[in-house]
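Heads up: the sequence shown is residues 3 to 189, going by my numbering. For each residue, glycine too, the CB sits at the ideal point set by N, CA and C. None of these values were measured; they are calculated from a predicted model.
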Amino acid sequence: LIRLINNLLLSVKVEREDFHGTTSLAPMSLGDVVAQTFRFMERELKSKNVELQVDVPANLPSIEGNLDLLYQVFQNLIANAIKFSAKGPRIEVVAREEGDTVSISISDNGVGIEEQALTKIFQKFYRAESQAGKRPGLGIGLYLVQKLMDLHHGEIKVVSKLNEGTTFTLAFPKLKVAPTLSQTAGG
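Rendered as structure tokens:
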């Protein structure tokens, strides 16, 4: 219930015109954000007997982000992975550096998403017909994830197969490091 209320409040904030201009971003490690999210959700993960596999290299480049908002992104995606998991839930988190981006994928072995719903799942209040009424929620979580990824100049992609699971992949621009004086002087 608390997560639902927080999502509702945040959805109102992200729709304000000045939200992007008043949100501060700072250099940070995605690995740290993911680790913090898992620490916070530890009780929920244990109570659902979730098998968790995490492959997040310590040497990933930093990104520019807002810790509280990124935490919300990961909490929503992991909570969905738990909520829509089959028996023996398994969640896999993999992060990689790919060109100018740092990507992180969150995969589950859940019920999956119908193909026709994949283009709609980021719409506010959208719930796939096959899941509406079966599980709690209002259809705000993925809407928020999309809005918060936009704020971080990132992208989100989803691949899903019914009765096999879903993978959400987030791609963030790597933090651009200004060249040092010795690099610009040819040394």
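Based on DSSP bridge pairs, tell me the residues matched to residue i.
i, result
"A28", "G67"
"D152", "Beta-bridge pairing links D152 to no other residue."
"G33", "According to DSSP, G33 bridges with nothing at all."
"I108", "V95, F170"
"T103", "E100, P175"
According to DSSP, is residue i helix, strand or coil?
i, result
"S162", "strand"
"L172", "strand"
"E116", "coil"
"V179", "coil"
"V56", "strand"
"K39", "In the sequence as displayed, the identity of residue 39 is Thr instead of Lys. In the structure shown, T39 sits in a helix (DSSP, three-state: H, G or I)."
From which residue to which residue does the alpha helix (DSSP H) around residue i run?
i, result
"R45", "44-49"
Check this for me: beta carbons of residue i and residue j, under 7 Å apart or not?
i, j, result
"V104", "V56", "no"
"L172", "I158", "yes"
"L27", "N68", "yes"
For the beta strand (DSSP E) that contains residue i, what are its first and last residues?
i, result
"I93", "92-100"
"S87", "That residue, S87, is in no beta strand (DSSP E); it is neither H nor E in DSSP."
"I142", "It is not in any beta strand (DSSP E) - I142 carries neither H nor E in the DSSP assignment."
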